[in-house]
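Notes follow once the structure below has been shown.
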């Protein structure tokens, strides 16, 4: 055993050595190549910092080091030519189901192969952060964390389901005795504040019990709630949800859903007029999330709503087995639908980066400010004739489509479609 | 989550709930016994009478049904490439009851319920990826694990209708794989069975108990699941003994299937591996450049003579791209000297999916830009692959075959393709999956070819 004196002298030596190392490092960074990766010549779209112009982006130690015009190549260890491409903060997909597993008792997305693997869909679509929308509840969140969140390269955050069992089956989701606001708040506030960003209420067949229990949980934990307001028998009033139950900042997902029963649409199905309280609700701070999914995006809602001045607050995919090969496909496809609708690229990017970051109160994400984690998406905006299909097999033709060219997560290149960061092969 | 549930009417939901409650005997009490009996009695009578009515209607209407609109789906005006039937021409394909019903130069649009204009596109048999790892689950590693991929997440969007899992399971673990992945998938999932009893969780990195490396059990399992298992697989074995390799080969011979030889067997030389292989056996990771195995191309850029000899003997070479298994300094000289891959297995798994591999169409596009012609690429992605796994019912568009179809587009532009060493080549063409049909059903439709235009 070392004496205290020996220990102290060890500590002293350690300090001296680390000072020398630090000095050496500082000297290094002042001279020569101080940047790890330089993305050169791209068009930067960073809505938080109001940038929409040609800029270079420099990355050091996994963080954004500098954003400026004409950062010299000589200052970088690696330069990637991204001219002709759009450089955006890493996309945040605020509505996914990624609690993938093989629990034979699950009949829905929790811990089943109906959820997808985050990394299989994220980087190839420019996504660096996914927010799981209530696939797990407090009882099975730890399993979700151990097998999916901790194993993924994608940053995974989550809404905790108001139901303790999460989405393991429709019947279990009706159990109001499994809605425990104190436990939910304890999970979010005390145990997993880094991961849990809100509460999800979904698939409830009764009236407002689930929503109200979610709001109670949200109040205790000081987080927003996200509501999938489907499957009610009979249909509940969305006006009441928006204006009487929701707090500012609470999220209505599946905004453009149009189904024959169970959920009220925001656009009247006969007159195609946007219901007047929708804009009022949005003005009061209700957040409208796309949550495309396998059954929740109809052009017959999106187009009239857009023409009447309504834009979604957040664009998201609702990734799961029923949506991935249908009209949804992936996040870039969903974003491209809003380009086809007529939105500007910077508005589409804002609703997929900085807007969701604010909604989930993770303002450290969704932008390219100096010092921020270097989560970056580089997009190619393809030109051509593309078809975009909704969940009712109705399509709209667009002339532009986003394609993820390069995706960086914490400064590391995770996806490189055309090898622009690779070296040319020489025979 | 937007579910089909959302699309049901309240009445349908009530009937469904009632059905669930009765069928599962939820809320069972003594009092409900009579009700249950009553319910099942009524139900069976309804079913029988419905069957009678539909039979009657069928006979009554069958003369009319066969006249107009014979086909469920007609793909019109595409460039049809079907290597088995030696077709590379503008042809229409008609689908009925999940099968290819007719292939002909001009099938009238009035003959089909749904007609899709696929002019300008390639119509190919549904593609076959003979090297994947798809036993995706929650455990660490490949077996029921996080390192494997879910088949439907990758296959369908790449025009693939059949994937073959490369030995993730052995005879002990295959039934679980079948229940958890094969049965629920939209993609047809077949398998190479690992000679090691539990598949990827055994044999890797240590000397297994040779008593468990069973020819008999493996051959019996193939026999029992011959609809799904296409052969045996050996790989990921660090020992010196040839017992695993020889037993894998023996089991394959008994079952009359090929042997699939994977990687990570550093004690076996490449020449020894090839010498132990019979005609029709398949070696994968053909163009890898790693310390664990000798490369197929030597330092002077020449394909080693014993490799060409093996090819001449009928040993097949699969790409098996993976994370580290495809290098241009191997693949390009090999291609130029006649060592072409017979199939484009991707070796799909967690670490390959986002690297140079990406998806099978990307791997196929590499060869398109290296110099392989379109029909040659399509043949290797479909018919050659089907033949190599002895599933000649697949990979073709013969009339009567299952209607697994890939409609592909070739996009022109400036593209880059990287190998496992981050080396990049440029290319001007790339394949993209427009439409995927699995057993007659449209399961992927990139640009809404089958959709109605919004009005």
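Residue numbers (the working numbering), protein chains in the order written: chain A, 51 to 477; chain B, 85 to 539.
Note that CB positions come from ideal geometry on N, CA and C, so glycine has one too.
Going straight from the alpha carbon of residue 298 of chain B to that of residue 470 of chain B, what length do you get? Translated into the one-based positions of the second chain, residue 298 of chain B becomes position 214. Translated into the one-based positions of the second chain, residue 470 of chain B becomes position 386. If I take the Cα positions, the gap works out to 27 angstroms.
With a cut-off of 8 angstroms, does the C-beta of residue 529 of chain B fall near any C-beta of chain A? Taking the second chain and counting its residues from 1, one reaches residue 529 of chain B at position 445. Between residue 529 of chain B and chain A, the shortest Cβ-Cβ separation is below 8 angstroms.
Return the bridge partner residues of residue 419 of chain A from the DSSP annotation. Counting from 1 along the first chain, the entry for residue 419 of chain A is found at position 369. Looking at the DSSP assignment, residue 419 of chain A forms no beta bridge with any residue, so it has no partner.
Let's see if you can read the secondary structure: which residues bound the alpha helix (DSSP H) around residue 395 of chain A? Walking along the first chain from the start, residue 395 of chain A turns up at place 345. Start and end: 395 to 400.
Considering only residues of the same chain and omitting the five flanking positions on each side of residue 281 of chain A, which have a CB-CB separation below 6 angstroms? Numbered from 1 along the first chain, position 231 holds the residue referred to as residue 281 of chain A. Correct list, in chain order: 253, 255 and 312.
Just reading off the beta strand (DSSP E) that residue 29 of chain A is part of, what are its end residues? Given a span of 51 to 477 for chain A in the structure shown, any question on residue 29 of chain A remains unanswerable.
If you run the structure through DSSP and keep just helix, strand and coil, what is residue 148 of chain A? Along the first chain, one-based indexing puts residue 148 of chain A at 98. The answer is coil: DSSP assigns residue 148 of chain A none of H, G, I, E or B.
Could you tell me how far apart the beta carbons of residue 402 of chain B and residue 215 of chain B are, in whole angstroms, since I believe they sit closer than 8 angstroms? In the second chain, residue 402 of chain B corresponds to position 318, counting from 1. In the second chain, residue 215 of chain B corresponds to position 131, counting from 1. About 6 angstroms separates the two Cβ atoms, so the contact holds.
What is the residue span of the alpha helix (DSSP H) that residue 384 of chain A lies within? One-based indexing of the first chain puts residue 384 of chain A at position 334. From DSSP, the alpha helix (DSSP H) with residue 384 of chain A extends over 381 to 391.
Leaving out five residues before and five after residue 135 of chain A in sequence, what residues of the same chain have Cβ atoms less than 6 angstroms from its Cβ? Along the first chain, read from residue 1 onward, the residue named residue 135 of chain A stands at position 85. Same-chain partners within the cutoff: 92, 428, 430 and 455.
Does any CB atom of chain B fall closer than 8 angstroms to the CB of residue 173 of chain A? In the first chain, the residue the question calls residue 173 of chain A occupies position 123. So, interface residue.
For chain B, find out if any of its Cβ atoms is closer than 8 angstroms to the Cβ of residue 219 of chain A; answer yes or no. Position 169 of the first chain holds residue 219 of chain A. It does not; no Cβ of chain B falls within 8 angstroms.
If you scan the stretch 157 to 231 of chain A from start to end, which runs of the beta strand (DSSP E) of 3 or more residues do you find wholly inside it? 177 to 183 and 205 to 211
Note the first and the last residue of the continuous alpha helix (DSSP H) segment covering residue 405 of chain A. Position 355 of the first chain, counting from 1, holds the residue named residue 405 of chain A. Looking at the DSSP string, the run of the alpha helix (DSSP H) that includes residue 405 of chain A is 404 to 409.
Could you list the residues in the stretch 191 to 216 of chain A with a C-beta less than 7 angstroms from some C-beta on chain B, going in chain order? 197 and 201
Could you tell me whether any Cβ in chain A is nearer than 8 angstroms to the Cβ of residue 228 of chain B? Counting from one through the second chain, the residue named residue 228 of chain B turns up at place 144. Chain A contact via Cβ: present.
Kindly give me the distance between the Cβ atoms of residue 344 of chain B and residue 377 of chain B, rounded to whole angstroms, as I take these residues to be in contact under 8 angstroms. Taking the first residue of the second chain as position 1, residue 344 of chain B is located at position 260. Taking the first residue of the second chain as position 1, residue 377 of chain B is located at position 293. With a Cβ gap of about 15 angstroms, residue 344 of chain B and residue 377 of chain B do not count as contacting.
At 8 angstroms on the CB atoms, spell out the chain B contacts of residue 235 of chain A, in chain order. To locate residue 235 of chain A, count along the first chain from 1; it is residue 185. Ordered by position in chain B, no residue passes the 8 angstroms Cβ test against residue 235 of chain A, which lies about 24 angstroms from the chain.
Residue 384 of chain B versus B:413, B:431, B:519 and B:464, residue with shortest Cα-Cα distance: Against the second chain, residue 384 of chain B aligns to sequence position 300. The option with the nearest alpha carbon to residue 384 of chain B is B:413.
Strictly under 8 angstroms for the Cβ-Cβ distance: is residue 425 of chain A near chain E by that measure? As a matter of chain content, chain E is missing from the structure shown, whose protein chains are A and B.
Taking Cβ-Cβ distances below 9 angstroms as the criterion, which residues of the stretch 150 to 184 of chain B are in contact with chain A? none
Is any beta-carbon of chain A found at less than 8 angstroms from that of residue 240 of chain B? For the purposes of this step, residue 240 of chain B is taken as the residue at position 156 of the second chain. Yes - at least one Cβ of chain A is within 8 angstroms of the one on residue 240 of chain B.
Start and end of the beta strand (DSSP E) containing residue 449 of chain A? The residue labelled residue 449 of chain A in the question sits at position 399 within the first chain. For residue 449 of chain A, the uninterrupted beta strand (DSSP E) run begins and ends at 444 to 459, by DSSP.
In chain order, what residues of the stretch 406 to 424 of chain A put their CB closer than 8 angstroms to some CB of chain B? none
What residues in the stretch 114 to 138 of chain A bring their beta carbon closer than 8 angstroms to a beta carbon of chain B? Correct list: empty, as no residue qualifies.
May I ask you to verify whether the stretch 518 to 527 of chain B touches the stretch 480 to 493 of chain B, counting CB pairs closer than 8 angstroms and requiring at least 3? yes
With a cut-off of 8 angstroms, does the C-beta of residue 250 of chain A fall near any C-beta of chain B? Here residue 250 of chain A refers to the residue found at position 200 of the first chain. No, residue 250 of chain A does not count as interfacial toward chain B.
Mind checking residue 436 of chain B: buried by the 16 CB within 10 Å criterion, or exposed? As a first step, residue 436 of chain B must be located in the second chain, where it is residue number 352. It counts as buried.
Please state if the CB of residue 495 of chain B and the CB of residue 454 of chain B are separated by a distance shorter than 8 angstroms. Along the second chain, one-based indexing puts residue 454 of chain B at 370. Along the second chain, one-based indexing puts residue 495 of chain B at 411. No.
Alpha carbons only, please: which of B:478, B:264, B:232 and B:224 is nearest the one belonging to residue 162 of chain A? The sequence position of residue 162 of chain A within the first chain is 112, counting from 1. The residue with the shortest Cα to Cα distance from residue 162 of chain A is B:264.
Quick one: does the C-beta of residue 443 of chain B sit closer than 7 angstroms to a heavy atom of the ligand ZN? Absence of the ligand ZN from the depicted structure is noted, as is the absence of any ligand whatsoever, leaving it without description.
Residues of chain A with CB under 8 angstroms from residue 278 of chain B, in chain order? Counted from its first residue, the second chain places residue 278 of chain B at position 194. Those do not exist, as residue 278 of chain B stays about 19 angstroms from chain A at its closest Cβ, beyond 8 angstroms.
Throw me the rounded Cβ distance for the residue 180 of chain A and residue 206 of chain A pair, which I believe falls under 8 angstroms. Within the first chain, residue 180 of chain A is the residue found at index 130, counting from 1. Within the first chain, residue 206 of chain A is the residue found at index 156, counting from 1. With 8 angstroms as the limit, residue 180 of chain A and residue 206 of chain A qualify as a contact, their Cβ atoms being about 5 angstroms apart.
Just reading off the alpha helix (DSSP H) that residue 393 of chain B is part of, what are its end residues? Position 309 of the second chain holds residue 393 of chain B. 389 to 397 is the span of the alpha helix (DSSP H), which, as asked, contains residue 393 of chain B.
Please list the partners that residue 474 of chain A has in chain B, where partner means a Cβ-to-Cβ separation under 7 angstroms. What you label residue 474 of chain A is simply residue 424 of the first chain in a count that begins at 1. Correct list: 508.
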